[in-house]
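Student: Handing you this structure, nothing more for now.
Number of protein chains: 2
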Amino acid sequence: MKDLVSRCPIEEVMQVLSGRWPTLLIYYLQEGTKRFSELQRDNPTVSHRMLTLELRKLEQAGIVQRTVFEGYPLRVEYDLTQAGMKLVPLIDALGDWWMATDDTRADMTEEKV
Amino acid sequence: MKDLVSRCPIEEVMQVLSGRWPTLLIYYLQEGTKRFSELQRDNPTVSHRMLTLELRKLEQAGIVQRTVFEGYPLRVEYDLTQAGMKLVPLIDALGDWWMATDDTRADMTEEKV
DNA sequence: CTAGGGTTACAAAAAAGTGCGTAATTTACT
DNA sequence: AGTAAATTACGCACTTTTTTGTAACCCTAG
């Protein structure tokens, strides 16, 4: 992520949501408060490092709230913020659009015989 | 883009829309039919390689229609498909959300003094 | 020594940029 | 008239940049 001085809101929001993890994390956080390790379990293929990086990015973007509970072992909880929750239906709408346009699309899943 | 066998529509749609160019290209194509070179002019920083790759991806995803007019110099036109046009308001909604949540966000644009 | 939630340095992989080549016709120059 | 150059939309190979993964280390109470 370089400049983020794009003047175009769509470009900016896509900079946050682009990639494999952001929408997935939002999806899982939609289920409720989650701890770091729960998110790891929800998504076994994300590396430890990516998970921290992406959560930080979402936090900076005001989508995710990070709460640290001091004490040992350390506990950190993640939730969607108000803004993050408002984003959920928009992302869902994209998923719905994708499913609805299934037929109009060259099948990208199989044709690699 | 590796497998795209994700079973999750959101993951799949994000695989198409992720990155800097897809939404931008959709935005410019929304203005009407464009030729390759026009899109290049609309967006001076995209390399011709990326432009071809991204347009092909959008074509495969059923978002963009590519029409070749034989003859020399070769002419190729790009438009949004019906499905592509339906996607536009969803992307706009993301932009609106981004602007609306401007205040709830750690300022990512300046703080690098 | 473990758990939890990291950070950091280094390495591998993926994505993006660069520049040359191509086609057939038109325009430009001499 | 003859040759050179430009045009359009790429493809291909190569290099650079960016992103992601790996592994090691940190901290502290129990």
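Going down the list, the protein sequences come from chains A and B.
Residue numbers 206 to 318, in the working numbering, belong to the letters of the first sequence in order.
Residue numbers 206 to 318, in the working numbering, belong to the letters of the second sequence in order.
Even for Gly, the Cβ is constructed at its ideal location relative to N, Cα and C.
Computed from a predicted model, the values in this text were never measured in an experiment.
Just to check, is the beta-carbon of histidine 253 of chain A closer than 7 Å to a non-hydrogen atom of the ligand GDP?
Tutor: Within the structure as shown, the ligand GDP is missing, as the structure has no ligands at all.
Student: I need the DSSP call for arginine 246 of chain A, collapsed to helix, strand or coil.
Tutor: helix
Student: Using CA atoms only, rank isn't needed, just tell me which of B:Leu279, B:Met290 and B:Glu275 is closest to leucine 234 of chain B.
Tutor: B:Met290
Student: What residues from the segment 281-313 of chain B come within 7 Å of chain A, judged by C-beta to C-beta, listed N to C?
Tutor: Thr286, Ala288, Lys291, Leu292, Leu295, Ile296, Ala298, Leu299, Gly300, Trp302, Trp303, Met304, Thr306, Thr309, Arg310, Ala311 and Met313
Student: Beta-carbon within less than 6 Å of aspartate 284 of chain B's beta-carbon, same chain only, minus the 5 sequence neighbours each way: which residues are those?
Tutor: Thr238 and Gln270
Student: With burial defined as no fewer than 16 other Cβ atoms inside 10 Å of the residue's Cβ, what is the status of glutamine 287 of chain B: buried or exposed?
Tutor: Exposed is the call here.
Student: Just how far apart, CA to CA, sit phenylalanine 241 of chain A and glutamate 275 of chain A?
Tutor: 14 Å
Student: Could you check which residue in B:Ile215, B:Glu217 and B:Thr309 has the C-alpha nearest to that of glycine 267 of chain A?
Tutor: B:Thr309
Student: Keeping to the same chain, check which residues put their C-beta closer than 8 Å to that of leucine 279 of chain B; ignore five residues upstream and five downstream.
Tutor: Val273
Student: Tell me the DSSP secondary structure of tyrosine 232 of chain B in three-state form.
Tutor: Annotated three-state conformation of tyrosine 232 of chain B is helix, per DSSP.
Student: Give the secondary structure of leucine 279 of chain A by DSSP, where H, G and I count as helix, E and B as strand, and everything else as coil.
Tutor: coil
Student: What would DSSP say about threonine 309 of chain B, mapped onto helix, strand or coil?
Tutor: helix
Student: Check the Cβ-Cβ distances between glycine 267 of chain A and every residue of chain B, and say whether any is below 8 Å.
Tutor: yes
Student: Look at the alpha carbon of lysine 317 of chain B and the alpha carbon of glutamate 243 of chain A, and state the distance between them as a whole number of angstroms.
Tutor: Low confidence applies to lysine 317 of chain B: its pLDDT is 35, below 50, so where it sits in the model is not reliable enough to give any reading.
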